[in-house]
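K.L.:
Numbering (our numbering), first residue to last: 206 to 361. Where is the CB? At the ideal position from N, CA and C, for every residue including glycine. In this text, all values refer to a predicted model and were calculated from it rather than measured experimentally. Structure incoming, see below.
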Ligand SMILES: CC(C)(COP(=O)(O)OP(=O)(O)OC[C@H]1O[C@@H](n2cnc3c(N)ncnc32)[C@H](O)[C@@H]1OP(=O)(O)O)[C@@H](O)C(=O)NCCC(=O)NCCS
């Protein structure tokens, strides 16, 4: 809940409204029943704590695609390589375990660390959704990026 209501984190992950304890519990309960979503807790080995989450939304088992997201909530863990490890793990898990063909994501165009992370881990830029969100007083452009299974395996 602390991460979900942090102003800086919220702006990074394109979230606007505050999250209450009720919302949080609903989210968790629904997650356990909903096969179109999967969430992993990210454990920081160096500080022996739960530092963030990552997962897939909109898992489509017919078209074999899903939307990837991640959030390292503990800011002291940024820039230490966790993001890269999360993306690599989720691409392997998505393509090889869930048998996905396409993994896509939405990221703020001005979120340079995240865009750079995704570019260096196999995601391609696909297009820009102009002024897709209104966050903290201004419209925000969103970059759609995706990784395809055939490209990912060719590069490995
Ligand atoms: C964005 C986020 C996932 C990056 O994870 P991280 O663990 O900090 O990133 P890493 O240490 O693994 O760095 C991976 C790459 O990201 C890029 N990067 C990371 N921090 C950066 C920064 N401050 N400036 C520029 N590039 C940066 C670099 O390319 C880096 O690779 P390199 O060190 O080999 O050059 C993490 O900061 C986070 O969860 N932030 C809050 C929530 C969020 O923004 N989620 C993503 C929304 S799309």
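Using CA coordinates, which residue listed in 214, 243, 208 and 252 is at the minimum distance from residue 298?
P.N.:
Closest by alpha carbon: 243.
K.L.:
Quick one: what's residue 232 bridged to in DSSP?
P.N.:
Looking at the DSSP assignment, residue 232 forms no beta bridge with any residue, so it has no partner.
K.L.:
If you reduce the DSSP assignment to three classes, tell me which class residue 216 lands in.
P.N.:
Residue 216 falls in the helix class under three-state DSSP.
K.L.:
Return helix, strand or coil for residue 257, following the three-state DSSP convention.
P.N.:
Strand, per DSSP.
K.L.:
Between which two residues does the alpha helix (DSSP H) carrying residue 374 extend?
P.N.:
Residue 374 lies beyond the residue range present for the chain, which begins at 206 and ends at 361; the question has no answer from this structure.
K.L.:
For residue 221, which three-state DSSP category applies?
P.N.:
It is coil, neither helix nor strand.
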